[in-house]
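A.B. asks: So the sequence shown is numbered by this note's numbering: it starts at -7 and just counts up by one. Below: one structure in structure tokens.
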Amino acid sequence: MTDFKIHTIESAPEAAKPLLETSLKNNGRIPGLHGTMADAPPLLAAYNFAHQQFMATSLTDEEKTVVWQAINVENSCHYCVPAHTGIAKMMKVDDAITDALRDETPLPTAKLEALRTFTLAMLRDRGFVADADTQAFLDAGFTETNILEIILGAAQKLMSNYTNHFAKTPVDQVFQKFAWEKSGNVAAE
């Protein structure tokens, strides 16, 4: 059984302290995920860098939310789904999009649904997406650049989802009102 520590600035390894100070400055608190990742400073640094780079992609805030939440829901991440629900609200993403992602119901537009479908195909097929599925994604108005950007988002989510699975990171108080559990969730406890 694992018992991961959620670090504070004081308890973190030296290399993680500046990373947690930045988290505190940027968020007004240290997210539990960051405190957990701090035990492996290169992981926290890589996660932060991946996040910054994904935020810089050409995807809209709605599209970023679709990529993040499609993966979070698929991976049954008890921490990331509530966190990204709150983040989507801060980004002013329509609640109808967030609700559809959380509930695994159809998204409000065909283009966003094509994005979710392609993101899940990429995840489930480990990058070996059928040509017809890739063409459907491109026909929906996306580009080859967007495919690469989704790979970046998936890499970011792999780091956070898997960390939270192992650490059972408690949902931050600010996001507890968005608590979520996958319908028929069969994830190992």
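All C-beta atoms in this analysis are idealised placements derived from N, C-alpha and C, irrespective of residue type, glycine included. For clarity, every value in this text was computed on a predicted model and none was experimentally measured.
Check each candidate in Pro162, Ala4, Asp164 and Arg108 and name the one with the smallest Cα separation from Ala146.
C.D. replies: Translated into the one-based positions of the sequence shown, residue 146 becomes position 154. When only C-alpha atoms are compared, the closest one is Arg108.
A.B. asks: Roughly how far, in whole angstroms, is the beta-carbon of His26 from the beta-carbon of Asn156, given that I think they are within contact range, below 8 Å?
C.D. replies: Here residue 26 corresponds to residue number 34 of the sequence shown, with the count starting at 1. Here residue 156 corresponds to residue number 164 of the sequence shown, with the count starting at 1. Incorrect: roughly 12 Å between the Cβ atoms, too far for contact.
A.B. asks: Use the C-beta contact count for Pro162: other C-beta atoms within 10 angstroms, 16 or more gives buried, fewer gives exposed.
C.D. replies: Within the sequence shown, residue 162 is the residue found at index 170, counting from 1. It counts as exposed.
A.B. asks: Grab me the residues of Val166's own chain with a C-beta within less than 7 Å of its C-beta, minus the 5 sequence neighbours each way, in chain order.
C.D. replies: The count along the sequence shown starts at 1 and reaches residue 166 at position 174. Only Gly78 meet the Cβ criterion.
A.B. asks: Cα separation between Met47 and Asn18?
C.D. replies: The count along the sequence shown starts at 1 and reaches residue 47 at position 55. The count along the sequence shown starts at 1 and reaches residue 18 at position 26. When rounded, the distance between both Cα atoms is 14 Å.
A.B. asks: Determine whether the beta carbon atoms of Gln148 and His43 lie at a separation below 8 Å.
C.D. replies: Here residue 148 refers to the residue found at position 156 when the sequence shown is read from its first residue. Here residue 43 refers to the residue found at position 51 when the sequence shown is read from its first residue. A contact, by the Cβ cut-off of 8 Å.
A.B. asks: Measure the C-alpha to C-alpha separation of Asp86 and Leu93 and round it to an integer number of angstroms.
C.D. replies: Position 94 of the sequence shown, counting from 1, holds the residue named residue 86. Position 101 of the sequence shown, counting from 1, holds the residue named residue 93. Each residue's alpha carbon lies about 11 Å from the other.
A.B. asks: Excluding sequence positions up to five away, which residues of its chain have a Cβ less than 8 Å from the Cβ of Gly24?
C.D. replies: Locating residue 24 in the sequence shown gives position 32, counting from the first residue. Cβ neighbours of Gly24 within its own chain (closer than 8 Å, five residues either side excluded): Ile(-2), Tyr71, Thr161, Pro162, Val163 and Asp164.
A.B. asks: For a minimum of 4 consecutive residues, which ranges assigned as the alpha helix (DSSP H) are wholly contained in the segment 35 to 76?
C.D. replies: 53 to 66
A.B. asks: Using CA coordinates, which residue listed in Met114, Met82, Gln168 and Asp95 is at the minimum distance from Leu150?
C.D. replies: Mapped onto the sequence shown, residue 150 falls at position 158. Ranking the options by Cα distance to Leu150, first place goes to Met114.
A.B. asks: Where does the unbroken alpha helix (DSSP H) through Ser15 begin, and where does it stop?
C.D. replies: Against the sequence shown, residue 15 aligns to sequence position 23. Element bounds for Ser15: Lys9 to Asn19.
A.B. asks: Using only the alpha-carbon positions, how far apart do Glu136 and Thr101 sit?
C.D. replies: Sequence index remark: in the sequence shown, residue 136 carries index 144 (1-based). Sequence index remark: in the sequence shown, residue 101 carries index 109 (1-based). Approximately 20 Å, taken between the alpha carbons.
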